[in-house]
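Novice: Chains as they are written, first to last, in this note's numbering: chain A, 2 to 307; chain B, 813 to 1486. C-beta atoms are modelled at their ideal positions from N, C-alpha and C, and glycine is treated no differently. Nothing here was measured: the structure is a model prediction, and the numbers come from that model. After the C-alpha cells below, expect a handful of questions from me.
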C-alpha cells in the first residue's frame, strides 16, 4: 500500500536532505561494523529459531497422542522405557518490523523527532536488508498508516528512503490500538522495533504487552528532544497539548520546570524499568545524538541482532 | 505628621481609589497569556497536581505582588501630599514673610563698614526668622516691590525657603505695600494662626499706610464730607482688612541722608519743535542742608550745569528753557556732591534720571498754489519746516520732466492735479475738486459752518472751528470701510477728511483759504502744524518718560494684530510684554531707557524708546522707620519661635517606592511572585 500523500510540509519538515550521500556513507560504515561485530558469533546469516521440522536436533519432549511416530526416539525408549519425541530446529528468515511513531508529537524538536526516527529506521532497515533479513516499515499514530511491505534485498533501500520521505505525520499516539492492529495484520512473527517518544496518555504497557503476547520480540527505542526536558519558557502561559489540543493555563517558574524535569525522567524510567523487567531491549536517546552513534551503541550493548 | 501639599484629602482619596481599583482590575483580568505547544501535557498535569497542594502559597505570592504594587501607589500618593515629621502642633502658624525688595532696599548703609545693602540685611533677618520657625509652621515668601510676587507656596521646607531668599534681588521700583499686604491677607484667609511678617525699611507711601483696617466694622459709614452709602461700600472695599492676622514688622536700614531727583521730564515747544525745555525736581531728604551739582546731558554731552543749595527737607523744581544742544534724543540728569572727596551717596538710584526728547525731524514741504500768503505765513512760523513754492504749471512741468525734488509733504491749494509726487510724499489739499479729488466731492455748501470735529484725530487736536465762517464748503464722500476718517462735518456732511494710502497720508479740507476767516484765527496755524506733525509721525501727546513700578499703555503705530512686544531693559535683559489693539503694556522695573520692538513674521514693524525713573519721594526718603503704623496700629517686631526643624519625608517615601519597585522586579524576574 502506498503511503498517503504527504500534505504541504512545513519548512522544519523538509525531508529532501534526510537521506543524502553523507547518510548513505554512514549506512555503509554501519553495515561494515555490523559484519565485524557478528562474524564468528553467528556463522550463518541470522535466522529465526523455531522448534519444528528441521534437520538439526534441538530437544526432546514427551510423546502425546497423535504425534508422528517417525519422530519417536526409540533409543531412548530402549534405555529408559519412556516415549520421547525428538525435536529439530526449524530455520526461517528473520522478519524485522520497524514501527515508526508518526504522531503529531513527533513533529517537535530540532531536528524533528520524526526525522531522527526516519534516519534510525533507514539505518536499521539497511543493516537488516544487508544481512539478508526481511524488513518492513509500519508508521503509526492512532492507527496503522500505510506500510512498506516486508521484503528482503539490499537494493530495496532506495524504496525504503522514498517510503520514509512520504510518511504523513499527524494524530495522537495510541500504542495499544496500534499494537492490536499490527498483530492482527502481521501473522509472521519477528522482531518489532518500536521507534517512538511513547507519549501516550493511556500508557505504553498494553501496546508492548500486546506485541509480546502475540509472539513478537519488541525492541524499544525512545526518542525525545532536549527542549522537551528543558523548556525555555517562563511566566504566565497557556500550554496546549499538540496531539489532544488540551490546554492548561499555568505560571511557569523555575521550581515548576525542575518538577517537570523530574516528572519527565520518572516517566522515562518507568518505560525503562518496564522493558528491563520484561527482558525487552530498551534504548533512550535525544535528537542531538547522531543516529550512527546510537546504532553503534545498540551494537555494543546488543539486543538488536543476535 | 503634617501634610503640606495644597491638595484636598478628597481628591487624594479619589485618586487612590481609582489607581487601586485599576491595579486590582489589572490583576483580575491578568495579562494575555502566551501559548506554547507541548508534546505531552500529561506530564505537566502530573506536576500541577503536585503543585495544587502548595497552591495556597502560590496565591499568597500573587497577593504579595498585588500588595507590593498597592503599597507603591499608596506611598507615592503619600509623597505627593508632602508629609513632614516633627509632630502636629496645634500652635502651628501660617506665616507670610513679605520681603521688601523695592528700590530703597538698594541703599548701602548696612554692615560694619556700611557697604551692605538693606536687602542683604533683610535676607539675613528672614533667614533668622526661618530658623526660628516652630514645628509645623508653614511659610510663604513674598517679594514686595512695584508689585507683590509670591515666591513660594506655604511650606515647611526651611532649606528650600532659604535658597529662595538668597536669590531675591531688589528692583528699581517703589514698594507697593498695599498690594503686598492685600495679597498676603488673601493667601492667609481660612488658614490656621495667620501671621504676616514684613521685613523692610519703612519707605512706603503714606496713603498706603492708611489703607488698612483691623476690623471692617471700623470703617465709618459717615465721612466728614457726608459720604453716601455707595461711597461707604467703596471705602470698605478699598481698605485691606487685617483683622485676625498677626502682623509684625522687622526694620532694616541705618542712613537717613539722601538727595534725589524726584521729577524729570522734557517737552518740545509747539512753536519751535527744534527746541525743548526740561523740568527737574530735586528734594533733600536729610535733616542737614545739602548742596549738589546738577548736570544735564544730551547723550554724552553736557548741556547745562547748575549748583543747587537745598535746606533740610526742601524740594526744588527747576525748568531749563530753550535747550537745543546735542543731537541725541536721550537726556540724562545727574546730581553730584560738590565735594569730590565726599563719600558716595548711600542711595545712588535717584541721583540719576532719564528723559527722552519727543522725536522731531525737519520736513521739506512744497506749496503748490497760485499765490496764498496765509498758508505761506502759517508754514513759515515753524522753524523745522523748509518750504518751497511752485505754481501749478511749474509743478506739472517739473513732475513731467522728473525734475521735481523730493519732498516730505506737498500742499495743493485750489488745485487738484492728476499727476502726484512719489508715494512716500504726504498730501494736503485745500478745496480739492474734480475727478482727481482724494475724496469724491458730493456737493457745495454756501455759508456753511462746521458743526462737529473729530478731536481725537491728531490733525484736529486743540483746533476749534465752531465760530469760523466759510463762503462755500465742498462736502466729501468718506468711505469708513477704507479707514477714511472725517475730520470735520457740517451737519453730518464731511468737509474735511483724512486717510492713509500705503505709506502716504492724505488730508483734505473742503474750504478755500480765501473764502474763510479761519486763517485769521489761532486754529489755522495749529491745523497746519498738526497736519505736518501727523505727516511726520510725531505725536506730541506721546509720553516717553515713565516712573518705575507703574503699568502704562504705550501706543505703537502700525501694530494692529500683533499680540506681543519685545522689551529690552537698560541692563540688556529682554522680556515679552503684551500688545493689544496697538497699545503695549509697559512696566518698568529698571531705571533707564527701555526699547520696545514689535515684530511681525520676523520683520521689525515698530519700535519706540521709553525712559523710566524712580521719581518717587516716598522711596527716596530712605530714613528707616523703626516702627510702622498700619491702620493706626503700631506693628510689633516678630517674636522668636521655638526653633524646630520639621523633616520632610517625601524623598524617603519616593526612595521606598523605588526599593519596592526593585523588589517587585527582582521577585518577578526570579519567578518568586509569579
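Any Cβ of chain B within less than 8 Å of the Cβ of residue 1/A?
Specialist: Given that chain A is displayed from residue 2 to residue 307, the structure contains no residue 1/A and the question cannot be resolved.
Novice: Please confirm whether residue 139/A and residue 130/A have their CB atoms less than 8 Å apart.
Specialist: By one-based count along the first chain, residue 139/A stands at place 138. By one-based count along the first chain, residue 130/A stands at place 129. No, they are not a contact pair.
Novice: At the 8 Å Cβ level, is residue 1477/B part of the contact set with chain A, yes or no?
Specialist: Residue mapping note: residue 1477/B aligns to position 665 of the second chain, counting from 1. No, because no Cβ of chain A sits closer than 8 Å to the Cβ of residue 1477/B.
Novice: Less than 8 Å between the beta carbons of residue 954/B and residue 961/B, yes or no?
Specialist: To locate residue 954/B, count along the second chain from 1; it is residue 142. To locate residue 961/B, count along the second chain from 1; it is residue 149. Going by C-beta atoms, residue 954/B is nearer than 8 Å to residue 961/B.
Novice: Give the single residue among 934/B, 1277/B, 1128/B whose Cα lies nearest to the Cα of residue 1330/B.
Specialist: By 1-based counting over the second chain, the position of residue 1330/B is 518. That would be 1277/B, whose Cα lies nearest to the Cα of residue 1330/B.
Novice: Helix or strand or just coil, what does DSSP make of residue 1425/B?
Specialist: Numbered from 1 along the second chain, position 613 holds the residue referred to as residue 1425/B. In the structure shown, residue 1425/B sits in a strand (DSSP, three-state: E or B).
Novice: Contact defined as beta carbons within less than 8 Å: I believe residue 1450/B pairs with residue 1062/B. What is the distance between those atoms, to the nearest angstrom?
Specialist: Along the second chain, one-based indexing puts residue 1450/B at 638. Along the second chain, one-based indexing puts residue 1062/B at 250. Sure, about 6 Å apart at Cβ, within 8 Å.
Novice: Please state if the CB of residue 1014/B and the CB of residue 1440/B are separated by a distance shorter than 8 Å.
Specialist: The count along the second chain starts at 1 and reaches residue 1440/B at position 628. The count along the second chain starts at 1 and reaches residue 1014/B at position 202. Closer than 8 Å, so yes.
Novice: Could you spell out the range, first to last residue, of the alpha helix (DSSP H) harbouring residue 129/A?
Specialist: Walking along the first chain from the start, residue 129/A turns up at place 128. Its alpha helix (DSSP H) spans residues 114-131.
Novice: What separation, rounded to the nearest whole angstrom, lies between the Cα atoms of residue 1017/B and residue 1418/B?
Specialist: What you label residue 1017/B is simply residue 205 of the second chain in a count that begins at 1. What you label residue 1418/B is simply residue 606 of the second chain in a count that begins at 1. Cα to Cα, residue 1017/B sits roughly 36 Å from residue 1418/B.
Novice: Could you give the DSSP three-state label for residue 1174/B: helix, strand or coil?
Specialist: Taking the second chain and counting its residues from 1, the one referred to as residue 1174/B is at position 362. Correct three-state label for residue 1174/B: coil.
Novice: Enumerate in chain order the residues of its own chain whose CB-to-CB distance from residue 1283/B is below 6 Å, with the five nearest sequence positions on each side excluded.
Specialist: Here residue 1283/B corresponds to residue number 471 of the second chain, with the count starting at 1. Around residue 1283/B: 1327.
Novice: Tell me whether residue 227/A is buried or exposed, calling it buried when 16 or more other Cβ atoms sit within 10 Å of its Cβ.
Specialist: Here the question's residue 227/A lines up with position 226 in the first chain. Result: exposed.
Novice: Excluding five sequence neighbours on each side, which residues of the same chain lie with their C-beta closer than 6 Å to the C-beta of residue 916/B?
Specialist: The residue given as residue 916/B occupies position 104 in the second chain. The answer, listed in chain order, is 1013, 1015, 1431, 1434.
Novice: How close, in whole Å, do the beta carbons of residue 1253/B and residue 1225/B come, if the pair is a contact with beta carbons under 8 Å?
Specialist: Against the second chain, residue 1253/B aligns to sequence position 441. Against the second chain, residue 1225/B aligns to sequence position 413. Contact doesn't hold; Cβ gap of about 16 Å is too wide.
Novice: Please identify, using Cβ separations under 8 Å, the residues of the segment 830-861 of chain B that lie next to chain A, in order along the chain.
Specialist: 842, 843, 845, 846, 847, 848, 849, 850, 851, 852, 853, 854, 855, 856, 857, 858, 859, 860
Novice: Please list the partners that residue 109/A has in chain B, where partner means a Cβ-to-Cβ separation under 9 Å.
Specialist: As a working note, residue 109/A is residue 108 in the first chain. Residues of chain B passing the Cβ test: 849, 850, 851.
Novice: In the structure shown, what three-state DSSP assignment does residue 281/A receive?
Specialist: Position 280 of the first chain, counting from 1, holds the residue named residue 281/A. Residue state, collapsed to three classes: coil.
Novice: Residues of the segment 263-290 of chain A in Cβ contact with chain B at a cutoff of 7 Å, in chain order, please.
Specialist: 264, 265, 268
Novice: Mapping DSSP to helix, strand and coil, what is residue 971/B?
Specialist: Here residue 971/B corresponds to residue number 159 of the second chain, with the count starting at 1. Reduced to three states, the DSSP call for residue 971/B is helix.
Novice: Could you pull out every residue in the same chain whose Cβ sits closer than 7 Å to the Cβ of residue 985/B, ignoring the five residues on either side in sequence?
Specialist: Translated into the one-based positions of the second chain, residue 985/B becomes position 173. Around residue 985/B: 914, 915, 957, 958, 1360, 1361, 1401.
Novice: Output the boundary residues of the alpha helix (DSSP H) element that contains residue 1465/B.
Specialist: For the purposes of this step, residue 1465/B is taken as residue 653 along the second chain, with counting starting at 1. 1462-1481 is the span of the alpha helix (DSSP H), which, as asked, contains residue 1465/B.
Novice: Using a Cβ-Cβ distance cut-off of 8 Å, determine whether residue 1/A contacts chain B.
Specialist: Not covered by the structure: residue 1/A. The range shown for chain A is 2 to 307.
Novice: Taking a contact to mean a Cβ-Cβ separation below 8 Å, would you say residue 242/A touches residue 853/B in this structure?
Specialist: Looking up residue 242/A in the first chain gives position 241. Looking up residue 853/B in the second chain gives position 41. Between residue 242/A and residue 853/B, the gap from beta carbon to beta carbon is short of 8 Å.
Novice: Using a Cβ-Cβ cutoff of less than 7 Å, which residues in the same chain neighbour residue 1473/B once the five nearest sequence positions on both sides are dropped?
Specialist: Here residue 1473/B is taken as the residue at index 661 of the second chain, counted from 1. These residues qualify, in order along the chain: 884.
Novice: Any residues in the segment 958-984 of chain B with a beta carbon nearer than 7 Å to a beta carbon of chain A? Which ones, in chain order?
Specialist: none
Novice: Give a yes or no on whether the minimum CB-CB distance between residue 1388/B and chain A is below 8 Å.
Specialist: The residue you call residue 1388/B lines up with position 576 of the second chain. Output row for residue 1388/B: interface = no.
Novice: Applying a beta-carbon distance threshold of less than 7 Å, which residues of chain B neighbour residue 234/A?
Specialist: Position 233 of the first chain, counted from the first residue, corresponds to residue 234/A. Neighbours of residue 234/A in chain B, taken as residues at a C-beta separation under 7 Å, are given in chain order as 848.
Novice: Check whether the Cβ atoms of residue 1211/B and residue 1244/B sit closer than 8 Å, and answer yes or no.
Specialist: Here residue 1211/B corresponds to residue number 399 of the second chain, with the count starting at 1. Here residue 1244/B corresponds to residue number 432 of the second chain, with the count starting at 1. Cβ atoms of residue 1211/B and residue 1244/B: not closer than 8 Å.
Novice: For residue 169/A and chain B, any beta-carbon pair shorter than 8 Å?
Specialist: Working through the first chain from its first residue, we reach residue 169/A at position 168. So, not an interface residue.
Novice: According to DSSP, simplified to helix, strand and coil, what is residue 1371/B?
Specialist: Locating residue 1371/B in the second chain gives position 559, counting from the first residue. It is coil, neither helix nor strand.
Novice: Quick one, are the C-beta atoms of residue 1317/B and residue 1347/B less than 8 Å apart?
Specialist: Taking the first residue of the second chain as position 1, residue 1317/B is located at position 505. Taking the first residue of the second chain as position 1, residue 1347/B is located at position 535. Yes, Cβ-Cβ distance for residue 1317/B and residue 1347/B is below 8 Å.
Novice: I'd like the list of long-range same chain contacts for residue 932/B, defined as Cβ closer than 7 Å, with 5 residues on each side in sequence excluded.
Specialist: For the purposes of this step, residue 932/B is taken as the residue at position 120 of the second chain. Answer for residue 932/B: 922, listed in chain order.
Novice: Could you pull out every residue in the same chain whose Cβ sits closer than 8 Å to the Cβ of residue 828/B, ignoring the five residues on either side in sequence?
Specialist: By one-based count along the second chain, residue 828/B stands at place 16. The beta carbon of residue 828/B lies closer than 8 Å to those of 885, 886, 889 in the same chain, with the five residues before and after it left out.
Novice: Can you list, in chain order, the residues of its chain with a C-beta nearer than 7 Å to that of residue 3/A? Leave out the 5 residues immediately preceding and following it.
Specialist: The residue labelled residue 3/A in the question sits at position 2 within the first chain. In this prediction, residue 3/A has a pLDDT of 36, which is less than 50 and means its spatial position is unreliable; what the coordinates show is noted afterwards. Closer than 7 Å at the Cβ level, and outside the excluded window around residue 3/A, lie 147.
Novice: From the DSSP secondary-structure annotation, give me the bridge partner or partners of residue 222/A.
Specialist: In the first chain, counting from the first residue as 1, residue 222/A sits at position 221. Answer is 196/A, 284/A.
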